[in-house]
Amino acid sequence: MSSGTEDDEKARVEILEPSADAADSSSSSSSEEEDTDLYEDDYMTVRSIYGDCDVEEEILVTWKMGGWENIAAAEADGDGDAGAESQEERDGREMRAGWRELSLSTQLEPDRLAPLFSGAEWAGTRLWTAAILATEYLHDAYGARLRTDPASSLLELGCGLGAPGMLARLMGASAVVLTDVPALLSQLERNVARNFPDDEGVRAAALDWSRPAVRELLRETGRAERGFDVVLNCDCVFEHLYGTSWKLLVEVVDELLRVNPRCVSITSVERRNGDGIDAFLEKLRGIEDSVTELVFEEGSVQIYTTVKIGVES
7 MSSGTEDDEK ARVEILEPSA DAADSSSSSS SEEEDTDLYE DDYMTVRSIY
57 GDCDVEEEIL VTWKMGGWEN IAAAEADGDG DAGAESQEER DGREMRAGWR
107 ELSLSTQLEP DRLAPLFSGA EWAGTRLWTA AILATEYLHD AYGARLRTDP
157 ASSLLELGCG LGAPGMLARL MGASAVVLTD VPALLSQLER NVARNFPDDE
207 GVRAAALDWS RPAVRELLRE TGRAERGFDV VLNCDCVFEH LYGTSWKLLV
257 EVVDELLRVN PRCVSITSVE RRNGDGIDAF LEKLRGIEDS VTELVFEEGS
307 VQIYTTVKIG VES
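Numbers in the working numbering are just positions in the sequence shown, counted from 1, shifted up by 6.
Following this line, the structure appears as structure tokens:
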């Protein structure tokens, strides 16, 4: 991942909300679907789709790396055409080689008004910068492992829309389990069904953070003995919204590392005033026989890995 210029950094770590100009443009034609670019770099493009009454209906995520990697492999084998082609021609080859678009509904059930009153549930209907950068870090640091290990697995905690976990499936993870609180499960299940119909490699499950609950999840997914290779959580620590639930998050991470000492836990957080992250990191570093390291930082986003000491992950 390239951090680019200071201005680029600032642009890439903004909270993903449309600008005022974009909102004005959307409201000028309430009867037609509008789209607003939220984020773009070499890895992905994120767009917000608005429907009637200027209400966001879905987020589109275009994952580019699969296409580029397929082209690189073909060119290395002498099958690709890396000649003097135009950018338009190359974009076309990339699309044919494996660009993939995820369509993520941000709408809960029609009778659920929780996002209007619950900041925590509303946050679960957004795609946050910490999740985007965590996906890119996952690709760079563990993408090859996910692709080449036929039994590779990933568990996402507090996944919200589930974009990072879904993209891990596109990277090659054999088994992906996306989890969040029961109130967000129906939205998550619809998004999985929409993007991965008939794909048994991706599933959604409700999970309240506790050791007994995660043990039950492991039993239900057939992983009581082997656990998961990668455990991911993105922007799950912010005391203004979630209180001190981070204490339960640490318990869950500890349990998953006990089940599979070779597991790597990836935590992506965004620094905000009064976020509680320092206290969370202190407790995370207290997990027995483990080490937690800062592995990536861009703007206000920090990514940490937690692994067992002396165990090759």
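Quick reminder that beta carbons are idealized off the backbone N, C-alpha and C, glycines included.
Query	Result
So if DSSP puts residue 185 in a beta bridge, which residue, or which two residues, is it bridged to?	211
Any chance you could list the alpha helix (DSSP H) runs of at least 4 consecutive residues sitting entirely within the stretch 223-289, in chain order?	245-248 and 252-265
Count the other CB atoms, across all protein chains shown, that sit within 10 Å of the CB of residue 250; report buried if there are 16 or more and exposed otherwise.	exposed
Could you tell me if residue 271 is buried or exposed, where buried requires 16 or more neighbouring beta carbons within 10 angstroms of its beta carbon?	buried
Determine the DSSP secondary structure at residue 319, reduced to helix, strand or coil.	coil
Would you report the Cα separation of residue 152 and residue 177, rounded to the nearest angstrom?	7 Å
Could you tell me the alpha carbon to alpha carbon distance between residue 289 and residue 57, rounded to whole angstroms?	43 Å
Quick one: residues in its chain with C-beta nearer than 8 Å to the C-beta of residue 26, no 5 flanking neighbours on either side, listed in chain order?	Low confidence applies to residue 26: its pLDDT is 39, below 50, so where it sits in the model is not reliable, and the reading given next is rough at best. If we look at residue 26 and ignore the five residues flanking it on each side, it has no Cβ neighbours.
Helix, strand or coil: which one does DSSP assign to residue 293?	coil
For residue 137 and residue 158, which I take to be in contact (beta-carbon distance under 8 Å), what is that distance rounded to the nearest angstrom?	So it is not a contact: roughly 20 Å between Cβ atoms.
What residues are listed by DSSP as bridge partners for residue 220?	The partner list for residue 220 (beta bridge, DSSP) is empty, contrary to what the question assumes.
Does the distance from the C-beta atom of residue 140 to that of residue 238 stay below 8 Å?	yes
Who does residue 159 pair with in a DSSP beta bridge?	181
Cβ of residue 181 within 8 Å of Cβ of residue 133?	no
Could you spell out where the alpha helix (DSSP H) holding residue 49 opens and where it closes?	Per DSSP, residue 49 belongs to no alpha helix (DSSP H) and is neither H nor E.
Taking DSSP's pairing of strands, which residues face residue 198 in a bridge?	Its beta-bridge partners do not exist; DSSP assigns none.
By how many angstroms is the C-alpha of residue 200 removed from the C-alpha of residue 227?	21 Å
Which of the three DSSP states, helix, strand or coil, is assigned to residue 167?	coil
Quick check on residue 204: does DSSP put it in helix, strand or coil?	coil
Do you know whose CA, among 65, 221 and 235, lies nearest residue 313's CA?	235
Quick check: what's the CA-CA separation for residue 261 versus residue 217?	6 Å
If I follow the unbroken beta strand (DSSP E) through residue 312, where does it start and stop?	307-314
For residue 154, which of helix, strand or coil comes out of DSSP?	helix
What separation, rounded to the nearest whole angstrom, lies between the Cα atoms of residue 276 and residue 299?	16 Å
Hey, out of 257, 305 and 242, whose CA is closest to residue 282's CA?	242
Can you list, in chain order, the residues of its chain whose CB lies under 8 Å from that of residue 207, leaving out five sequence neighbours each side?	175, 179, 180, 181 and 182
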